[in-house]
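Student: Quick one: the structure is below, questions incoming.
Protein chains: 2
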Amino acid sequence: MCDINHLQKMYRTHTCGELRIKNVGETVTLAGWVQRVRNLGAVTFIDLRDRYGITQLALDDKTPTALREIATTLGREFVVQITGKVVERSAKNAKIPTGEVEIQLVDIQILNSAETPPFTIEDQSDGGEELRAKYRYLDLRRNPLRQALELRHHVAQETRKFLDNQGFMEIETPFLIKSTPEGARDFVVPSRVHNGEFYALPQSPQTFKQLLMVAGYDRYFQIVRCFRDEDLRADRQPEFTQIDCEMAFVEREDILSTFGDLMRHLFKHVLNVEFGDFPRMTYADAMRDYGCDKPDIRFDMKINEITTLMQGKNFAVADGAQYIGGICAKGCAAYTRKQLDELTEWVKRPQIGATGLMYIRIGDEGIKSSVDKFYTPEELQKIAAVLGAQKGDLILILAGTKKQTLSALCELRLEMGNRLELRPRGTFAPLWVIDFPLLEWSDEDQRFYAMHHPFTAPQPEDLQLFMQDKQEGLENVRANAYDFVMNGVELGGGSIRIHDSKIQQQMFKVLGFSKDEAEYKFGFLLNAFKYGAPPHGGIAFGFDRLCAMFGGHDSIRDYIAFPKNNAGKDVMIDSPSRIDEGQLKELGIKVTAETK
Amino acid sequence: MCDINHLQKMYRTHTCGELRIKNVGETVTLAGWVQRVRNLGAVTFIDLRDRYGITQLALDDKTPTALREIATTLGREFVVQITGKVVERSAKNAKIPTGEVEIQLVDIQILNSAETPPFTIEDQSDGGEELRAKYRYLDLRRNPLRQALELRHHVAQETRKFLDNQGFMEIETPFLIKSTPEGARDFVVPSRVHNGEFYALPQSPQTFKQLLMVAGYDRYFQIVRCFRDEDLRADRQPEFTQIDCEMAFVEREDILSTFGDLMRHLFKHVLNVEFGDFPRMTYADAMRDYGCDKPDIRFDMKINEITTLMQGKNFAVADGAQYIGGICAKGCAAYTRKQLDELTEWVKRPQIGATGLMYIRIGDEGIKSSVDKFYTPEELQKIAAVLGAQKGDLILILAGTKKQTLSALCELRLEMGNRLELRPRGTFAPLWVIDFPLLEWSDEDQRFYAMHHPFTAPQPEDLQLFMQDKQEGLENVRANAYDFVMNGVELGGGSIRIHDSKIQQQMFKVLGFSKDEAEYKFGFLLNAFKYGAPPHGGIAFGFDRLCAMFGGHDSIRDYIAFPKNNAGKDVMIDSPSRIDEGQLKELGIKVTAETK
Chain W
-16 MCDINHLQKM
-6 YRTHTCGELR
4 IKNVGETVTL
14 AGWVQRVRNL
24 GAVTFIDLRD
34 RYGITQLALD
44 DKTPTALREI
54 ATTLGREFVV
64 QITGKVVERS
74 AKNAKIPTGE
84 VEIQLVDIQI
94 LNSAETPPFT
104 IEDQSDGGEE
114 LRAKYRYLDL
124 RRNPLRQALE
134 LRHHVAQETR
144 KFLDNQGFME
154 IETPFLIKST
164 PEGARDFVVP
174 SRVHNGEFYA
184 LPQSPQTFKQ
194 LLMVAGYDRY
204 FQIVRCFRDE
214 DLRADRQPEF
224 TQIDCEMAFV
234 EREDILSTFG
244 DLMRHLFKHV
254 LNVEFGDFPR
264 MTYADAMRDY
274 GCDKPDIRFD
284 MKINEITTLM
294 QGKNFAVADG
304 AQYIGGICAK
314 GCAAYTRKQL
324 DELTEWVKRP
334 QIGATGLMYI
344 RIGDEGIKSS
354 VDKFYTPEEL
364 QKIAAVLGAQ
374 KGDLILILAG
384 TKKQTLSALC
394 ELRLEMGNRL
404 ELRPRGTFAP
414 LWVIDFPLLE
424 WSDEDQRFYA
434 MHHPFTAPQP
444 EDLQLFMQDK
454 QEGLENVRAN
464 AYDFVMNGVE
474 LGGGSIRIHD
484 SKIQQQMFKV
494 LGFSKDEAEY
504 KFGFLLNAFK
514 YGAPPHGGIA
524 FGFDRLCAMF
534 GGHDSIRDYI
544 AFPKNNAGKD
554 VMIDSPSRID
564 EGQLKELGIK
574 VTAETK
Chain U
-16 MCDINHLQKM
-6 YRTHTCGELR
4 IKNVGETVTL
14 AGWVQRVRNL
24 GAVTFIDLRD
34 RYGITQLALD
44 DKTPTALREI
54 ATTLGREFVV
64 QITGKVVERS
74 AKNAKIPTGE
84 VEIQLVDIQI
94 LNSAETPPFT
104 IEDQSDGGEE
114 LRAKYRYLDL
124 RRNPLRQALE
134 LRHHVAQETR
144 KFLDNQGFME
154 IETPFLIKST
164 PEGARDFVVP
174 SRVHNGEFYA
184 LPQSPQTFKQ
194 LLMVAGYDRY
204 FQIVRCFRDE
214 DLRADRQPEF
224 TQIDCEMAFV
234 EREDILSTFG
244 DLMRHLFKHV
254 LNVEFGDFPR
264 MTYADAMRDY
274 GCDKPDIRFD
284 MKINEITTLM
294 QGKNFAVADG
304 AQYIGGICAK
314 GCAAYTRKQL
324 DELTEWVKRP
334 QIGATGLMYI
344 RIGDEGIKSS
354 VDKFYTPEEL
364 QKIAAVLGAQ
374 KGDLILILAG
384 TKKQTLSALC
394 ELRLEMGNRL
404 ELRPRGTFAP
414 LWVIDFPLLE
424 WSDEDQRFYA
434 MHHPFTAPQP
444 EDLQLFMQDK
454 QEGLENVRAN
464 AYDFVMNGVE
474 LGGGSIRIHD
484 SKIQQQMFKV
494 LGFSKDEAEY
504 KFGFLLNAFK
514 YGAPPHGGIA
524 FGFDRLCAMF
534 GGHDSIRDYI
544 AFPKNNAGKD
554 VMIDSPSRID
564 EGQLKELGIK
574 VTAETK
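Chains W and U, in that order, are what the protein sequence lines are.
Residue numbers for the first sequence follow my numbering, so the first one is -16 and each next one is one higher.
Residue numbers for the second sequence follow my numbering, so the first one is -16 and each next one is one higher.
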């Protein structure tokens, strides 16, 4: 609770969340919004609300008539200033911190009236999402949003406190930078002074933070807005915030230790949860056991490959599959036909993309499956054994290409985790995922792409393999990269960067860049690297998502004061919008296409 | 000094700024840049530099030959890792904190070589401004820039610490907003998803912070980037940072007290300078006594009006002037003819715009002036008395229109302050300037403009005058606005905002807006004000300039890691620059004009 008494002399002596039984007898002045007026005949109660809480005001037949008359004119969300005497309540309310007292009104001033809000300002509002977005300033008055922004404030302060204490310097990098044709699309800004030329908004301060390492700044951080003109998906924002960090003279262990400490600091100071060392998992293990590189390890239910066990039994689906894998849903043997059909439909949705679902149930009547025609009970038992299934369990099996099947199994596992309530809010299972592949082969383009970015260093042990002069085996080179994953969500990621120009040349060669191309795309950074680049590496955390995770929510939108909707629009201010011809002319541009 | 020993296990045990006499005998590992190699024949010294300092490495005939050979290959700015033993120096250097010790080399690894930098990495570099801008990452290695960014980091952390302690919430506002055709030019961002529409980059979060007050967030702050597409001037950046703050349920005194405390906190914790209450000066007094609204009160030399004393003596220059004013330069009676001629040329430069300079000197031979023809010594004495001039002093007088003459006298006063060394670095004279006019009359447009912005509230005492239904006297209505001024520079400014819709309507009427216009320009804010807007007000400080001021420099560019040049260009990354046709096509725009 914030005691603002010493500061705000004029409008209030206390906040609406501050008064307690010890204040009884004091004359106080409060200001805030009318949450509710309850006229009970002989007595009228007004709930007065501000950011800090709610205080009850009471009027009865001893209250001067003039005040009682003003009270009858008050509507929801009126802004008032009141003076009164703190008294002990006869009927106490244990649910709110001020619930032992109320204020006997002595004076009331209406500071501003209010039209009736288009939805209720309650924890559970009656307003739909679109309406609340349009009136975001009213939605922000509701407790859940206020608490979300308070949490965000808190996480930001604790992040800076920790990093400042560790000798990190907060250094602001520019927003008006240069468009680079690699990676996601840039938002661009036409220059009026230099017609025909454009700035770009940064997708991240990546190159600038590397330049700061070259400049000797050794420990850099920033909580910084980034911009990505991506095709819109649910819960993707065109502008987002990241905790951006870089260190020089470090190896991977330094980064994992430093930023593991940051996360432990935040857990402790924001959520009062203590963690020891975070577990680590290689990318290969994560893909094998969880089907993705950001496993939710709050629950087990690992994926097991059963390709060889399933093949060679004249079952075309199995024999034609590159990969067959299953998960064991504990205690689900009693799933009905209807439930299983519904689950089959679920995995066949285009987002999951499986062609069908097989199952084995170990019920009271023994082992049964949807593929009994092809497998003996003994063969099914062997599969069950691999999956650690016991009596009462249900095995769910998918088959197909390896990549797609693992991905579908990952989704199915998470879905079963939800259905079995194995992913409760308020529990956290963080881990580091390490040893990512350095390169991804594109069948379409017949070339390698950098999985992270072209400045990511190979693992020292794989350096020889990377530097040899042939393509074979390059897909096995591991990157010195790492992700911080929690509850199935990637919260952060980074890498040790290349600082040796020979390795950098090899990277460009492997990626198929000509010298000119490399120069054009990354010239100023390559140039900087000629003048004494230290070994360095870094990490960036998605700040919106980190806050949502700490707050126990899936949607980042509640943790952003003024978010855009799924179409990238701010419906409150009506943006983007048309600009006038004069402005366009000054910028030396013309609109050639209009949406709709 | 930052002890990073516990964190960075791999590359170094200590920083280059850390070792002291107490470390003698320890074996340490350092990493950093080669500042200098001094080969004195029998012994070679290497200065190793990192962000934290410089440590001397020593090689002599006891050093293994292999190491001595490596040492001969080292160039300036090579990155090396060394291991060695801390020993006491025979010749100590009291100028640097590590000057009592040096390192006897045991091992040296070249982590990266470096081409010879295009300029020296010294406090006084031999590189010109343009060259250093191009290689900013090398310029940033120099102590003055490192210290500037360290100071900036420090000011930012202390600002947040203070405001967090006072219950302010740091809330991020959007960067992709809506272009408003009022005020300075916006940078705009074409939307790819909504062709033909544009976002705008914020000139300040003004409307959003007011919406946050409507939303009940009561105390908001942000250290935030802002953008202004202005015609470029020296030391103006198209992107700049401000400390942006707003409070609800406050009057002016709350704001001045809270943010006076913030400034006192920063002075104390950044500069170790203590201040009591800051003096206040009305706009009217500032204009009268200093000729501008941001007086440098480190020195006196006030402007005095002498119009009536000078007129009626058949001196056409005086008789034709709307205003005549002078300043008294203490002890300058001995100025030579040449000095006075040079000063006359100075005031006649177009930037100052005076038509001539008159003077009165009170020398050993009595009072003499450039206008002796028109004034008796007694008349000159009267003028001298008004200006408080005594024997040995020089009075400088300008005449013309009131506005221009005051402005020229302001500049002349500052110039004389410089020449007389009355404006020393490291001295600070902060004050609040208050009671600005609410409105400015434009003769050109024959209408009033808001001096601050159309949401600035009138002073309570002037409300009646403002609300009356006639134009007369409106120029006398004072705004409830305030600037924080230091050493002749405006570091911050703000106002109490209008929260009463009747007053807001009157403001729009006075400014000549139709209802539709007001709705179009400020619709969403006006709409928000219908639902219970609390009394509120705020302030914003120019963060770049604040840091430069605290650092004792005039140029903000040294306090920005990657600034733009005076043409709005980043010459290091070569931005703005052309983008490819494909990008333009996706954005639905075409370049119609090209600069040069």
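Glycine included, each C-beta is placed from N, C-alpha and C at the ideal position.
What you are looking at is a predicted structure, and each value in this text was computed from that prediction instead of being measured.
Could you spell out where the alpha helix (DSSP H) holding aspartate 302 of chain U opens and where it closes?
Tutor: 299 to 302
Student: Along the stretch 140 to 163 of chain W, where does the CB come closer than 8 Å to a CB of chain U? Name the residues.
Tutor: Gln140, Arg143, Asp147, Gln149, Gly150, Met152, Glu153, Ile154, Glu155, Thr156, Pro157, Phe158, Leu159, Ile160, Lys161, Ser162
Student: With a threshold of 8 Å between beta carbons, is glutamate 455 of chain W in contact with chain U?
Tutor: Residue-level contact by beta carbon fails for glutamate 455 of chain W and chain U, as no gap is shorter than 8 Å.
Student: On the criterion of 16 or more Cβ atoms from any shown chain inside 10 Å, does threonine 241 of chain W qualify as buried, or is it exposed?
Tutor: Counting every other CB atom within 10 Å of its CB across the protein chains shown gives threonine 241 of chain W a total of 16 or more, marking it as buried.
Student: Looking at the structure shown, is glutamate 423 of chain U part of a helix, part of a strand, or coil, going by DSSP?
Tutor: For glutamate 423 of chain U, the secondary structure class from DSSP, reduced to helix, strand or coil, is strand.
Student: Can you have a look at lysine 498 of chain W and say buried or exposed, based on whether 16 or more other CB atoms are within 10 angstroms of its CB?
Tutor: Taking all protein chains in view, the Cβ of lysine 498 of chain W is surrounded by fewer than 16 other Cβ atoms within 10 Å, so the residue is classified as exposed.
Student: Evaluate contact between the stretch 528 to 535 of chain U and the stretch 197 to 216 of chain U, counting only Cβ atoms and requiring at least three cross-stretch pairs below 8 Å.
Tutor: no
Student: Against chain U, with Cβ distances strictly below 8 Å, would lysine 385 of chain W count as a contact?
Tutor: no
Student: At a cut-off of 7 Å, is glycine 571 of chain U close to the ligand NAP when judged by its beta-carbon and the heavy atoms of the ligand?
Tutor: Among the ligands in the structure shown, none appear at all, so the ligand NAP cannot be discussed.
Student: Answer yes or no: does any C-beta atom of chain W fall closer than 8 Å to that of histidine 177 of chain U?
Tutor: yes
Student: Taking the DSSP output, what are the residues bridged to phenylalanine 181 of chain W?
Tutor: Bridge partners of phenylalanine 181 of chain W according to DSSP: W/Pro173, U/Ser560.
Student: Label isoleucine 572 of chain U either buried or exposed according to how many other C-beta atoms from any shown protein chain fall within 10 Å of its C-beta, with 16 as the threshold for buried.
Tutor: buried
Student: Between valine 253 of chain U and phenylalanine 411 of chain U, is the Cβ-Cβ spacing less than 8 Å?
Tutor: no
Student: Roughly how far, in whole angstroms, is the beta-carbon of valine 592 of chain U from the beta-carbon of valine 69 of chain U, given that I think they are within contact range, below 8 Å?
Tutor: For chain U, the structure presents residues -16 to 579; residue 592 of chain U sits outside this window and is missing.
Student: I'd like to know whether the C-beta atoms of aspartate 33 of chain U and cysteine -1 of chain U end up nearer to each other than 8 Å.
Tutor: yes
Student: Assign leucine 195 of chain U to buried or exposed, taking buried as 16 or more other Cβ atoms, counted over all protein chains shown, within 10 Å of its Cβ.
Tutor: buried
Student: Is the stretch 361 to 379 of chain U touching the stretch 303 to 318 of chain U in the sense that three or more CB pairs, one from each, lie closer than 8 Å?
Tutor: Of all C-beta pairs linking the stretch 303 to 318 of chain U to the stretch 361 to 379 of chain U, three or more are shorter than 8 Å, placing the two stretches in contact.
Student: For glutamate 398 of chain W, I'd like the list of residues in its chain whose CB is within less than 7 Å of its CB, leaving aside the five on either flank, ordered along the chain.
Tutor: If we look at glutamate 398 of chain W and ignore the five residues flanking it on each side, its Cβ neighbours are Trp329.
Student: Ends of the alpha helix (DSSP H) at asparagine 6 of chain W?
Tutor: Unbroken run through asparagine 6 of chain W: none, as it is neither H nor E.
Student: Leaving out five residues before and five after leucine -10 of chain W in sequence, what residues of the same chain have Cβ atoms less than 8 Å from its Cβ?
Tutor: Low local confidence applies: a pLDDT of 43 at leucine -10 of chain W is under 50, so the model's placement there is unreliable, and no value is given.
Student: Drop a sphere of 10 angstroms on the beta-carbon of glycine 110 of chain U, count the other beta-carbons inside from all chains shown, and report buried for 16 or more, exposed for fewer.
Tutor: buried
Student: At the 8 Å Cβ level, is arginine 263 of chain U part of the contact set with chain W, yes or no?
Tutor: no
Student: With distances taken from CA atoms, which of U/Asp122, U/Met293, U/Pro559, U/Ile37 is nearest threonine 103 of chain U?
Tutor: Distance check between threonine 103 of chain U and each of U/Asp122, U/Met293, U/Pro559, U/Ile37 places U/Asp122 closest, using alpha-carbon atoms only.
Student: Taking the CB atoms as reference points, tell me whether phenylalanine 507 of chain U and arginine 119 of chain U lie closer together than 8 Å.
Tutor: The beta carbons of phenylalanine 507 of chain U and arginine 119 of chain U sit no closer together than 8 Å.
Student: Take the Cβ of aspartate 324 of chain U as the centre, count every other Cβ of all protein chains shown within 10 Å, and call the residue buried at 16 or more, exposed below.
Tutor: exposed
Student: Just the chain W side, please: which residues come within less than 7 Å of glycine 515 of chain U by C-beta, in chain order?
Tutor: Trp16, Glu60, Phe61, Val62, Asn95, Ala97
Student: Taking only beta-carbon atoms, is serine 560 of chain W less than 8 Å away from chain U?
Tutor: Chain U places a beta carbon closer than 8 Å to that of serine 560 of chain W, counting this residue as a contact.
Student: Straight-line CA distance for arginine 271 of chain W to glutamate 473 of chain W?
Tutor: 18 Å
Student: With 8 Å set as the bound, which would you pick, yes or no: does the beta-carbon of serine 174 of chain U sit closer than that to a beta-carbon of chain W?
Tutor: yes
Student: Please classify glutamate 394 of chain W as buried or exposed, where buried requires at least 16 other C-beta atoms within 10 Å of its C-beta.
Tutor: buried
Student: So who's on the other strand from glycine 308 of chain W, going by DSSP bridges?
Tutor: W/Glu288, W/Leu381
Student: Check this for me: beta carbons of threonine 388 of chain U and leucine 377 of chain U, under 8 Å apart or not?
Tutor: Cβ distance not < 8 Å, so threonine 388 of chain U and leucine 377 of chain U don't count as in contact.
Student: By DSSP, does glutamine 64 of chain W sit in helix, in strand, or in coil?
Tutor: Glutamine 64 of chain W sits in a strand when the DSSP states are folded into three classes.
Student: Just how far apart, CA to CA, sit leucine 114 of chain W and arginine 402 of chain W?
Tutor: 31 Å
Student: With 9 Å as the C-beta to C-beta threshold (strictly closer), list the residues of the stretch -5 to 20 of chain U near chain W in chain order.
Tutor: Considering only beta carbons, the part of the stretch -5 to 20 of chain U lying closer than 9 Å to chain W consists of Arg(-5), Thr(-2), Ala14, Gly15, Trp16, Val17, in chain order.
Student: Taking DSSP as the reference, what is the three-state secondary structure of arginine -5 of chain W?
Tutor: coil
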